[in-house]
Amino acid sequence: MVVPVYGDTLQKETSVASQKNRIAGLDGLRLFAILAVVAFHANSSWLPGGYSGVTVFFVISGYLLTLSIDRALAEKGSFSYFEYLKRRIVRLLPPMLAVVGVIAIVSIIFARPLLPKMKDDVIPALLFAENWYYIVRNISYFAAAGLPSPLTHFWYLAIIMQFYIVWPPVLIILDKLHVKRRHRVILCLVLAAASQVAMAILYDPQADTNRIYYGLDTRAGEMIMGALAAEAAPILSYRRKAEGRRARRGSSEHGGAPLVSDAALTISAFIALAIIVIFSFRVNGYSPFPYYGGFLLLAACSAVIVLAIIRETSVFSMLFSLAPLAVLGKRSFSLYLWHYPLLLIMNPATRTSAVEPWEYALQLAVILVISELSYRIFEASRTVMRADARRRGNAEATVLGYPAVSRALSIIGIVCALALFAVPINAEQSDAPVPVPEAEPETGNAQTGDDMADGLSPARERTLFPIEGTIFKGTSFEAAISRINGFSNYEVDESGATNAPVILVGDSVPLGAETQFNEMFPYGYMDAQVSRQLYTGPEILESIWAQGTDGDIIVWSLGNNGVAYEEDVRKLIEMCGQRRVYLVTCRVPLALQDMNNELFYEIAAQYDNCEVVDWYGTSAGHDEYFWDDGTHLRPEGAEAYVLMLREAIVGR
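Written as structure tokens, this is what we have:
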């Protein structure tokens, strides 16, 4: 199919950078983007908004895709759509298969709990459909329950491939209709804004964001901003000729100063970079801002940076084109493929001790070495083969040519993918956590101290056995016990049971200690449920009171399934009146852990009847307390959990 090219389409002299097969400055930008993503996945507390690096990748991809198609239409008069898709698939799929094969084998040896999640994801991942699979399965990105899949990050490749499918026909149609460049820019703006509006409409602060985070429709705006940069670049680079016939945009032969000067573009790019950096350090994935325009702001800033980079005479372009940045940036795709599963294997979710700096350095070295090997096998060698094939005039080799090692790794990946899909993997084989049943609340009455049974031992001198981490942050042990003794007259019998009338409202974490709780708090009442969110707490407690159950002590063990907000935590405390209130800290391998725990401490300090019970501190260094998801309790953890509660409430 030959597509006629309108006079306002991309010209050969759009810019010096566009004549090159690879733009060095974009490799430098890729380096900064992948560093943000790796830092976010290694420890999200370092860079809470490190996911912004993915937006930068989206913009670069949208720019290069649009530039490639426009150039093909301008120079050849046609664009081979299916040949282009074939090249994209052949470039992406072999290294993806290698990741599947290698990580599956390594997981069998070192990280068997990862296998069930990998089994579920492998086919959607390799079919470039993982994003929609996660949406249908309601699998969260920022608050995924249990162990994440080693292939979770393939969602990005799925969206990229889907955009490769839907965007080229749009550009071909625009070219057939002779749509002028400025009108294409307007269209890109409208489409990008529509994508962001869809994201804002679908966003629900009290629901998970997986639909809008993984959806092609809601993320396409970021890639379309890259397309906008490709269409706008010639307009910004050269001014129409003031006299005589109208000069064609993007053509240097007509002269004229750039519409936007190098200095203005450079200053704009530095401002845009500053915005991205601030966003990366300040805006976490639980904030509503990204979904109310934040992603579009990131994409717009990234597009400005791309425009500055492709203007080779700008300072910004020279900076990002420095050889060390460009060389490392070329490895960004390999780094993206390998860093996430390797981090999961090297940092199991059950780990309760802090990762030392030297360990992070060692892990980074492992990631760099494996990524470099992958780059040399799948990218560098292929570049050489493509160049050789072009010299020989063998076009087919540019698509299918791969050296023996890469073909072997791809075959291993195919075998492992089929094995994962076909072979049953049960919990016993993988050491996966025992699932916690979703239990209905038991009917019961929490009683006050005046109604205690005679079986509890009489009052006696207290012997205190503090558990490390249980006593409250910022309070000395003696001061905390003195405060407890001031209003606690509860007893502990020889079996360890106490007559403290406790109502505990929680999620699946305390639910795993239900048996131990009932034994240690026979006059207590637990209402815990799988996947319960913190903001539902008041409704649950109201229902408990409505059935005639009450107690002097309220324990809130919530916050493991989503981010806690200040107003919701205050409601938990204030609805309890003068009752004693305890907030239990979280131990969950997600960014929300530290956010929620810090909020609990901050708010509890403002109420005289509220304290924080530090499960995070109590469980530190005790990997044996948890199943493989690093959150739910083994029997040892359940015993420690209720003992911690008794220590905090009774003082022994």
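Going by numbering that gives the first Met the number 0, the first residue of the sequence shown is number 0, and it counts up by one from there.
A virtual CB, placed ideally from N, CA and C, is assigned to each residue, including glycine.
Roughly how many angstroms lie between the CA atoms of Val365 and Val89, to the nearest whole one?
-> It is roughly 27 Å from the alpha-carbon of Val365 to the alpha-carbon of Val89.
Would you identify the three-state DSSP class for Val649, choosing helix, strand or coil?
-> Val649 falls in the helix class under three-state DSSP.
Distance between Ser236 and Ile68 (C-alpha atoms, nearest Å) | Ile68 and Ser236 have their C-alpha atoms spaced approximately 20 Å apart.
Counting only beta-carbon atoms, is Ile309 nearer than 8 Å to chain D?
-> Of the protein chains in this structure there is only one, and it is not chain D.
For Pro340 versus Pro123, is the C-beta spacing smaller than 8 Å?
-> Against a cut-off of 8 Å, the Cβ pair of Pro123 and Pro340 comes out as no contact.
Between the beta-carbon of Ile304 and the beta-carbon of Leu272, is there less than 8 Å?
-> In contact: Ile304 and Leu272 (Cβ atoms closer than 8 Å).
Apply the 10 Å Cβ neighbour rule to Leu156 and answer buried if 16 or more other Cβ atoms are within range, or exposed otherwise.
-> Classification for Leu156: buried.
Alpha helix (DSSP H) runs wholly inside the stretch 92 to 149, at least 4 long, in chain order = Here the runs fully enclosed are 114 to 125 and 129 to 136.
Got a sec, what are the start and stop residues for the beta strand (DSSP E) Leu503 sits in?
-> Counting along the chain, the beta strand (DSSP E) containing Leu503 begins and ends at Val501 to Gly505.
Just grab the DSSP bridge partners of Thr497 for me.
-> Answer by DSSP bridge pairing, in chain order: Val491.
Pull up the distance between the alpha-carbon of Pro289 and that of Trp131, whole angstroms please.
-> When the Cα atoms are used, Pro289 and Trp131 turn out to be separated by approximately 20 Å.
According to DSSP, is Ser79 helix, strand or coil?
-> DSSP places Ser79 in coil when its eight states are reduced to three.
Buried versus exposed call for Asp607 [16 or more other C-beta atoms within 10 Å across all chains shown] | It counts as exposed.
By the 10 Å Cβ neighbour count, where 16 or more other Cβ atoms means buried, how is Phe109 classified, buried or exposed?
-> Around the Cβ of Phe109, a 10 Å sphere holds fewer than 16 other Cβ atoms; the residue is exposed.
May I ask you to list the residues that DSSP assigns as paired with Trp655?
-> The requested residue 655 is not part of the displayed model; the chain covers only 0 to 651.
Quick one, are the C-beta atoms of Val641 and Gln515 less than 8 Å apart?
-> Taking C-beta atoms as the reference points, Val641 and Gln515 count as a pair closer than 8 Å.
Check whether the stretch 212 to 228 touches the stretch 42 to 62, counting contact only when three or more Cβ pairs, one atom from each stretch, lie closer than 8 Å.
-> As far as the Cβ criterion goes, the stretch 212 to 228 touches the stretch 42 to 62, which means the pair count is three or higher.
Do the stretch 34 to 44 and the stretch 262 to 272 meet, that is, are 3 or more Cβ pairs less than 8 Å apart?
-> Short answer: they don't touch.
Short Cβ contact (8 Å threshold) for Tyr374 with Ser405 = The Cβ atoms of Tyr374 and Ser405 do not sit closer than 8 Å to each other.
Less than 8 Å between the CB atoms is what I'm expecting for Asp628 and Ala348, so what's the real figure, rounded?
-> Asp628 to Ala348, Cβ: 5 Å. Contact.
Starting from the C-beta of Ser208, find all residues in its chain whose C-beta is less than 8 Å away, skip the five residues before and the five after it, and write them out in chain order.
-> A small fix is needed here, since residue 208 is Thr in this sequence, not Ser. Result list for Thr208: Ser139, Tyr140, Phe141, Tyr202, Gly284 and Tyr290, in chain order.
Sequence-distant residues of the same chain with beta carbon closer than 6 Å to Leu644, five excluded per side = Excluding sequence neighbours, Leu644 sits near nothing in its chain.
Sequence ranges, alpha helix (DSSP H) only - wholly within the stretch 19 to 55, length at least 4 = The alpha helix (DSSP H) runs of length 4 or more contained entirely in the stretch 19 to 55 are, from start to end of the chain, 23 to 41.
Distance between Val580 and Tyr163 (C-alpha atoms, nearest Å) = So the two alpha carbons sit approximately 54 Å from each other.
First and last residue of the uninterrupted alpha helix (DSSP H) at Asp628 = No alpha helix (DSSP H) holds Asp628; DSSP gives it neither H nor E.
Figure out for me which residue from Met525, Val508, Thr548 and Val562 has the closest Cα to the Cα of Tyr534.
-> The shortest Cα separation from Tyr534 among Met525, Val508, Thr548 and Val562 belongs to Val562.
Apply the 10 Å Cβ neighbour rule to His177 and answer buried if 16 or more other Cβ atoms are within range, or exposed otherwise.
-> Counting every other CB atom within 10 Å of its CB across the protein chains shown gives His177 a total below 16, marking it as exposed.
Do three or more CB pairs link the stretch 317 to 325 to the stretch 72 to 88 at distances below 8 Å?
-> No: the two stretches stay apart, fewer than three of their Cβ pairs being nearer than 8 Å.
Does DSSP put Met574 in a helix, in a strand, or in coil?
-> The DSSP-derived three-state label of Met574 is coil.
Is Tyr50 near Pro167, with beta carbons less than 8 Å apart?
-> Contact flag unset, no.
Go ahead and pull the three-state DSSP assignment for Asp207.
-> Note: Asp207 maps to coil in three-state DSSP.
Environment of Ile159 [buried if 16+ CB atoms lie within 10 Å] = If you draw a 10 Å sphere on the C-beta of Ile159, you find 16 or more other C-beta atoms in it, and that means buried.
Work out the CA separation of Asp120 and Phe127 for me, nearest whole Å.
-> Roughly 11 Å between the two C-alpha positions.
At 4 residues or longer, and completely inside the stretch 164 to 215: list those alpha helix (DSSP H) runs for me, N to C.
-> As far as the stretch 164 to 215 is concerned, its whole alpha helix (DSSP H) runs of at least 4 residues are 180 to 201 and 209 to 213.
Output the boundary residues of the beta strand (DSSP E) element that contains Val611.
-> Val611 -> beta strand (DSSP E) spans Cys609 to Val612.
On a CA-only basis, which of Arg330, Ser409 and Gln362 is nearest Glu371? Give me that one, please.
-> For the residues Arg330, Ser409 and Gln362, the minimum Cα distance to Glu371 belongs to Arg330.
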